[in-house]
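Data block below; observations after.
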Amino acid sequence: MKSKTDLVKGWLKKADSDIASARTCLASNEALDTVCFHSQQAAEKSLKAYLIANDIDFPFIHNLEKLIELCAEHEEAFRTLKPMAQELTPYAVELRYDYEFWPSAETAQKALNSAIAIRAFVLERLSMELNEG
Numbered sequence: 021m022k023s024k025t026d027l028v029k030g031w032l033k034k035a036d037s038d039i040a041s042a043r044t045c046l047a048s049n050e051a052l053d054t055v056c057f058h059s060q061q062a063a064e065k066s067l068k069a070y071l072i073a074n075d076i077d078f079p080f081i082h083n084l085e086k087l088i089e090l091c092a093e094h095e096e097a098f099r100t101l102k103p104m105a106q107e108l109t110p111y112a113v114e115l116r117y118d119y120e121f122w123p124s125a126e127t128a129q130k131a132l133n134s135a136i137a138i139r140a141f142v143l144e145r146l147s148m149e150l151n152e153g
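Take the sequence shown: its letters are residues 21 to 153, numbered as in this note's numbering.
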């Protein structure tokens, strides 16, 4: 069985992969819906890494707002991420099946920026916790 540290690192590595995929698609100005999807995934995996690191159980969900609420029970500052979570959550499932959703480059860039911000927020907290423990 993998250690908790390995699990956390694994989730963060997957989040990094999602960010890299989103950046590649955005740079090509193609598949902008895929940018939004990978941005949501990066944020989700970052939040789940935080929850795992702090031994907080979470359900199998893609709803970032609910994941943020779980994180906020441990650290209130996570609530500041709610606006970004509200923006990104629909990109997990709905956009993959909505044939009318074709985001602009601006929308895709905003989604990627939100994912990067959430990831950075989580990494800062994980770094502080690792240094304390």
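Cβ coordinates follow ideal geometry from the N, Cα and C atoms, glycine included.
Item                                                                                                                                                   : Value
Quick check: L84 and A63, are their CB atoms within less than 8 angstroms of each other?                                                               : yes
Unbroken alpha helix (DSSP H) runs of length 4 or more, entirely within the region 54-138: which are they?                                             : 84-94, 102-108, 114-117
Is there a C-beta anywhere in chain D that falls below 8 angstroms from the one on I136?                                                               : Included in the structure is just one protein chain, with no chain D present.
In the DSSP assignment, find the alpha helix (DSSP H) that holds S23 and state where it starts and stops.                                              : No alpha helix (DSSP H) contains S23, which DSSP labels as neither H nor E.
Mapping the DSSP letters down to three states, classify E50 as helix, strand or coil.                                                                  : coil
With a 10 Å radius around its C-beta and 16 neighbouring C-beta atoms as the bar for buried, classify T100 as buried or exposed.                       : exposed
I'd like the list of long-range same chain contacts for T54, defined as Cβ closer than 7 angstroms, with 5 residues on each side in sequence excluded. : C45
Round the Cβ separation of I72 and H94 to the nearest angstrom and send it over; I've been treating them as touching at under 8 angstroms.             : With 8 angstroms as the limit, I72 and H94 do not qualify as a contact, their Cβ atoms being about 12 angstroms apart.
Which value, in whole angstroms, describes the spacing of the CA atoms of N74 and E114?                                                                : 30 angstroms
Buried or exposed: where does R139 fall if 16 or more other Cβ atoms within 10 Å of its Cβ makes it buried?                                            : buried
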